[in-house]
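Q: The structure follows.
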Amino acid sequence: MLALEIKSSKYYRSHAALDNALNTDGYAIDRAIVLAETNVFQEKGITYLPMYMLSMLINE
């Protein structure tokens, strides 16, 4: 399962709902992505992508 959060502010590293979902065993989330006005990077198992890359995500 993919968890996706879209952030519109400069505080894109603050994502309590996503963190709670990732820490819930029953959800079985394999991948977490945050879309924001940022560059591409990974931190603590979360991939951060610029918003324009949403159209490039492929449904697997």
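Start counting the sequence shown at 65; every next residue gets the next number (the working numbering). The beta-carbon is built from N, C-alpha and C at its ideal position, and this holds for glycine as well.
1) Could you work out which residue in Y76, L86, L66 is closest to F105 when comparing CA atoms only?
2) So that I know if they touch, is there some Cβ in chain B lying closer than 8 angstroms to that of S72?
3) For D94 versus M65, is the C-beta distance shorter than 8 angstroms?
4) Figure out for me which residue from A100, S73, Y116, I110 has the closest Cα to the Cα of L82.
5) Here's the rule: buried if 16 or more other CB atoms are within 10 angstroms of the residue's CB, otherwise exposed. What is A100?
A: The answer reads as follows:
1) As a position in the sequence shown, residue 105 is number 41, starting the count at 1. Here the closest residue by C-alpha is Y76.
2) Among the protein chains of the structure shown there is no chain B, as only one such chain exists.
3) Indexing the sequence shown from 1 puts residue 94 at position 30. Indexing the sequence shown from 1 puts residue 65 at position 1. For D94 and M65, yes; Cβs fall inside 8 angstroms.
4) Reading the sequence shown from its first residue, position 18 is the one you call residue 82. That would be I110, whose Cα lies nearest to the Cα of L82.
5) By one-based count along the sequence shown, residue 100 stands at place 36. Flag for A100 reads buried.
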